[in-house]
Structures are given as C-alpha cells and as structure tokens.
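Structure first, then comments.
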Amino acid sequence: MAAQKINEAHEHMAKAEKCLKTSMTKWKPDFDSAASEYAKAAVCFKNAKQYDQAKDAYLKEAEYHTENKTLFHAAKAIEQAGMMMKEQKKMPEAIQYIEKACMMYMENGTPDTAAMALDRAGKLIEPINLEKAVDLYQKAAGVFENEDRLRQAVELLGKASRLLVRLRRLDDAAVAIQKEKNMYKEIENFPMCFKKTTAQVLIHLHRVDYVAADKCVRESYSLPGYSGSEDCLAMETLLQGYDEQDEDQVYRVCNSPLLKYMDNDYAKLAISLRVPGGGGKKKKAAAAPQGGASGEPAADDEDDYEGGLC
Numbered sequence: 001m002a003a004q005k006i007n008e009a010h011e012h013m014a015k016a017e018k019c020l021k022t023s024m025t026k027w028k029p030d031f032d033s034a035a036s037e038y039a040k041a042a043v044c045f046k047n048a049k050q051y052d053q054a055k056d057a058y059l060k061e062a063e064y065h066t067e068n069k070t071l072f073h074a075a076k077a078i079e080q081a082g083m084m085m086k087e088q089k090k091m092p093e094a095i096q097y098i099e100k101a102c103m104m105y106m107e108n109g110t111p112d113t114a115a116m117a118l119d120r121a122g123k124l125i126e127p128i129n130l131e132k133a134v135d136l137y138q139k140a141a142g143v144f145e146n147e148d149r150l151r152q153a154v155e156l157l158g159k160a161s162r163l164l165v166r167l168r169r170l171d172d173a174a175v176a177i178q179k180e181k182n183m184y185k186e187i188e189n190f191p192m193c194f195k196k197t198t199a200q201v202l203i204h205l206h207r208v209d210y211v212a213a214d215k216c217v218r219e220s221y222s223l224p225g226y227s228g229s230e231d232c233l234a235m236e237t238l239l240q241g242y243d244e245q246d247e248d249q250v251y252r253v254c255n256s257p258l259l260k261y262m263d264n265d266y267a268k269l270a271i272s273l274r275v276p277g278g279g280g281k282k283k284k285a286a287a288a289p290q291g292g293a294s295g296e297p298a299a300d301d302e303d304d305y306e307g308g309l310c
C-alpha cells in the first residue's frame with residue numbers, strides 16, 4: 001500500500017513538472033496546476049508516512065501558489081509542511097513553518113486564521129517548551145485583540161498567564177493577569193474579573209508584595225457585585241491573615257474550595273502560600289476544614305512551588 005502511494009506521489013510530481021514547462025505554444029508556466037499536483041503528491045507521501053518527502057512537496061506547492069499570487073493557499077501548504085515536521089517530533093522546525101504561514105495569513109488579510117494557527121502551534125510546543133508556548137499564545141492574543149475579538153484574545157492571554165506562573169515568572173504573570181482583567185472588564189464579564197483578582201492576590205503574595213495584593217482588592221471594589229461577594233470576602237480574610245502573620249487563617253482560606261478548585265497553576269500557588277516569618281510548616285490533617293472527603297489537606301500534594309516563591 002505504501003509503495004503504491006509513493007508511486008502515485010511521483011506520478012503527480014512528474015505532472016507538476018510538465019505543467020511548469022513552456023513551449024512555442026505555451027509561453028507561461030501553469031503554476032496553479034503545478035501547485036495542485038504537488039498538493040496531491042504531498043497527500044500520497046503523507047499517507048505512506050514519508051513525512052520528509054511530504055514536507056518537500058508541500059513546500060513546492062507553497063512555492064507555486066506564491067508564484068500564482070494565491071498567498072492563502074501558500075500559507076496553508078507551509079502550515080502543512082510544519083505538521084509533517086510535527087509527525088517526526090521535530091517541534092522547533094514545525095513551529096518555524098507554522099509561524100511563517102501565520103505571517104503569510106496576515107499579509108493575505110486573514111488574521112483570524114493566523115491567530116488560530118498560532119494557538120495550534122502553542123499547543124504543539126507547550127509540552128516541551130513553555131517559554132515558546134507563552135510567546136505564541138501572546139502573539140495569537142495580540143492578533144485577536146487588534147481585530148477587536150476580545151473574547152478570543154482573553155482566552156489566549158489566560159493560557160499565557162498560567163504558563164508564566166508555571167515558569168515562576170511571577171512579575172510577568174502579574175502584568176499578564178492585569179491585562180486579562182482589563183479585557184474581562186471591557187466585555188463586562190465581571191465574575192471572571194473576580195477570579196482574576198484572586199489570582200492577582202496569590203501572585204503578589206508569592207512575590208511578597210502585600211501592598212500590590214491589597215491594591216488589587218481595593219481597585220476591584222469598583223466592579224459591580226464584587227464588594228461583599230464570596231471572592232471578595234475570601235481575599236479580605238486572606239490579606240488580614242497574611243498581614244497579621246496568622247498561619248491558621250491563611251491556611252483556611254488557601255485550602256477552601258474557592259481557591260483549591262481554581263485552575264491548577266493558581267491552586268498550587270494557594271496551597272503553597274506561606275506567611276513570611278511563620279516557619280512555613282504544613283498543617284496537620286486535624287487542622288483541615290471539616291467535610292473533606294479524605295480528611296487530608298491538599299497541601300500534602302506534590303508542590304511545584306514550595307521553597308523559592310515567597
């Protein structure tokens with residue numbers, strides 16, 4: 001089956017080369033037909049799992065679409081070349097091709113397609129390179145923001161913010177989350193503003209910046225429904241406990257369902273938060289809030305942030 005597909009691929013490539021030849025009666029190469037034949041060859045190579053040859057065929061397709069001034073199709077072909085690299089676990093090369101395709105989508109006037117491709121690239125690279133994933137998500141968010149598609153932009157910013165926390169780039173995470181919060185405010189999604197305030201407080205306290213954490217809560221009082229909300233009361237209690245070095249109070253808030261069931265990266269910030277000068281010891285099971293299924297505190301889970309963030 002594979003041999004048959006490879007033979008088919010070579011037949012399509014031969015047809016493509018024929019389309020490019022000129023003669024006395026054919027003055028111009030037929031770039032459109034050549035691109036089409038290379039696309040068919042690429043699919044045959046892909047089906048035969050000959051990914052390097054498929055990549056080369058896709059790049060040839062892109063070359064002749066570019067000659068034919070059909071940039072969108074050229075970009076699609078280059079993106080497919082990137083996916084062939086992904087099949088070979090060559091992620092940096094895959095991302096390079098996808099980023100190149102995104103630039104062409106932008107030139108072609110299809111920014112939405114560019115942003116979605118950047119998002120896909122971010123997902124591909126995230127397991128092996130968090131820094132690059134942050135860059136791609138932020139670029140994608142920027143494209144959507146320029147198109148006034150704030151709901152899509154803020155979702156991608158959220159991905160970047162969480163990875164910044166995971167990378168322990170807390171100063172950058174604080175800036176990114178403030179931008180998220182501003183966008184949620186603009187689209188009037190106030191409950192998400194409340195959640196972002198909680199994330200901000202946790203980040204600032206891990207930065208040992210009580211003043212910045214307190215300021216985030218105070219500024220959020222202007223949000224409709226925040227004052228007196230569950231989120232607000234939790235943060236006021238947390239800040240009071242932190243300021244008074246009351247380890248029990250900080251522990252109770254950080255291990256409450258409201259914080260424990262946040263996105264995982266923020267939940268880890270909560271359960272690993274320590275009061276400066278408080279010794280940083282984990283509480284025993286008996287000190288955990290009643291009603292838990294296991295009776296053991298979440299702080300006994302593996303802690304990615306312990307020992308260095310505060």
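Under full-length UniProt numbering, the sequence shown has 90 at position 90, and the numbering climbs by one with no breaks.
Quick reminder that beta carbons are idealized off the backbone N, C-alpha and C, glycines included.
So for residue i, helix, strand or coil by DSSP?
i, result
"K28", "coil"
"V275", "coil"
"E86", "With the sequence shown as reference, residue 86 is identified as Lys, and Glu is not the correct amino acid for it. Helix."
"Q50", "coil"
"T70", "coil"
"L163", "helix"
"Q4", "helix"
"A298", "Only weak support exists for where A298 lies, its pLDDT of 42 falling under 50; the value from the coordinates is given anyway. If DSSP states are grouped into helix, strand and coil, A298 belongs with the helices."
"L223", "coil"
"E131", "helix"
"D265", "helix"
"T237", "helix"
"E17", "helix"
What residue does the alpha helix (DSSP H) around residue i start on, and which one ends it?
i, result
"K195", "190-206"
"T22", "Taken as a continuous stretch (DSSP letters only), T22 belongs to no alpha helix (DSSP H), as it is neither H nor E."
"D119", "111-125"
"Q178", "170-186"
"R149", "It is not in any alpha helix (DSSP H) - R149 carries neither H nor E in the DSSP assignment."
Would you report the Cα separation of residue i and residue j, rounded to the nearest angstrom?
i, j, result
"A288", "C254", "In this prediction, A288 has a pLDDT of 39, which is less than 50 and means its spatial position is unreliable; what the coordinates show is noted afterwards. Roughly 11 Å separates the two Cα atoms."
"G280", "R274", "Its pLDDT being 45, under 50, G280 is placed unreliably in this model, and the coordinates cannot settle the point."
"H65", "A153", "30 Å"
"H204", "D231", "16 Å"
"K284", "T198", "For K284, the predicted structure reports a pLDDT of 39, less than 50, and the residue's modelled location is therefore unreliable. A value from the coordinates is still provided. Straight-line Cα distance between these residues: approximately 25 Å."
"E131", "A176", "14 Å"
"Y58", "Y97", "11 Å"
"K49", "E147", "38 Å"
"K123", "S23", "48 Å"
"S227", "A101", "47 Å"
"K60", "A81", "10 Å"
"Y105", "K76", "8 Å"
Inspect the beta-carbon positions of residue i and residue j and report whether they are closer than 8 Å.
i, j, result
"A121", "E99", "yes"
"A160", "V134", "yes"
"A35", "N7", "no"
"L269", "V165", "yes"
"R117", "F144", "Arg is not the amino acid found at residue 117; the sequence shown has Ala there. Not in contact: A117 and F144 (Cβ atoms no closer than 8 Å)."
"I187", "R218", "no"
"E37", "H12", "yes"
"S256", "A234", "yes"
Meets three-Cβ-pair contact criterion under 8 Å: the segment 234-249 and the segment 163-171: no
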